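Presented below is the structure to which this report refers.
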Amino acid sequence: MSLPTPRFVGPRRRVLEVGIAGLAGFTVAAFVIPAGPLAADAEWSEWMLGIQTSLLTNVALVFNSLGRGLGRALTIAAIAILILVVLRSWLALLAFAIAESAAPVISSITKLLVDRPRPPDPLVHPSGSSFPSGHAAYAGVTCVALVLLFSSPGGRRVLWWTLATLAIVGMAWSRTYLQAHWLSDVVAGSVLGASVALIVFAQAENLARRAARRTRPTPDGLRPVRGRTGASGGPALRLVA
69 MSLPTPRFVG PRRRVLEVGI AGLAGFTVAA FVIPAGPLAA DAEWSEWMLG IQTSLLTNVA
129 LVFNSLGRGL GRALTIAAIA ILILVVLRSW LALLAFAIAE SAAPVISSIT KLLVDRPRPP
189 DPLVHPSGSS FPSGHAAYAG VTCVALVLLF SSPGGRRVLW WTLATLAIVG MAWSRTYLQA
249 HWLSDVVAGS VLGASVALIV FAQAENLARR AARRTRPTPD GLRPVRGRTG ASGGPALRLV
309 A
């Protein structure tokens, strides 16, 4: 399988800056978030308790299943297979794997360090502390990755970004509806996941394009030979047939 030069993102530098800014904001939030709920957290939690119905509970439980255990594993495996079959790119698969691995690692480490208590009386049985939401981080990294992988940069992405945003918001809502997280937990988790995806895919495209430039033939049909120096001190060249 070849490694074609990908186009995951549009302006790579800007996307990388947005991702780094989001990750920096998440880090600051982890340092300043209080152990107890913010005023907005408490108000949102009370509202979620007030709108509970059997239909909404079932919808929230579907999101819960998709973000954990077997549901999560099957979703990631299905996306990996699509990457291999549709995109046929090891680089795309590697970037997806790194993003899907980095987001939960960062989330888990932050949970241990912050150790924020969860809301009382959740409708599910979550494990670990509350900040950030691992489900929201998973939704953020996966939905953003799907847009970057399977759509081209430009105006046509508006629809896909809209769908991705709805999916992320849906997962975030479900965690607060189920009283598994405070509102600030899911906001932070969503930002973390999206930021990781932007950084990983922007950097993957940067590295791929640098590698392509190093191996691209010159106008006279010569190609640089990696690791070898010519008589003039510059890179050695070989003729491309």
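Each residue of the sequence shown is one higher than the last, beginning at 69 in the working numbering. Virtual Cβ for every residue (Gly too), placed ideally from N, Cα, C. Since the model is a prediction, treat every value here as computed from it, not as a measurement.
- If you draw a straight line from the Cα of L217 to the Cα of P79, it is about 15 Å long.
- Rounded to whole angstroms, the gap between the alpha carbons of S263 and G118 is 32 Å.
- Of the other Cβ atoms in all chains shown, 16 or more fall within 10 Å of the Cβ of N132; this residue is therefore buried.
- The distance from the Cβ of D253 to that of S201 is about 5 Å, consistent with a contact at the 8 Å cut-off.
- When the beta-carbon positions are compared, F269 and F99 stay at least 7 Å from each other.
- For the region 199-229, the continuous alpha helix (DSSP H) assignments of 4+ residues that do not extend past its boundaries occur at 202-218, in sequence order.
- By the criterion of at least three beta-carbon pairs nearer than 8 Å, the region 238-258 is in contact with the region 186-200.
- Taking a contact to require three or more Cβ pairs closer than 8 Å, the region 90-105 and the region 215-232 do not qualify as touching.
- Annotation for F76: no alpha helix (DSSP H) segment contains it, and DSSP assigns it neither H nor E.
- Judged by DSSP secondary structure, P172 falls within the alpha helix (DSSP H) whose first and last residues are W158 to V182.
- Less than 7 Å separates the beta-carbon of G208 from that of I236.
- If you draw a straight line from the Cα of A213 to the Cα of P188, it comes to about 33 Å.
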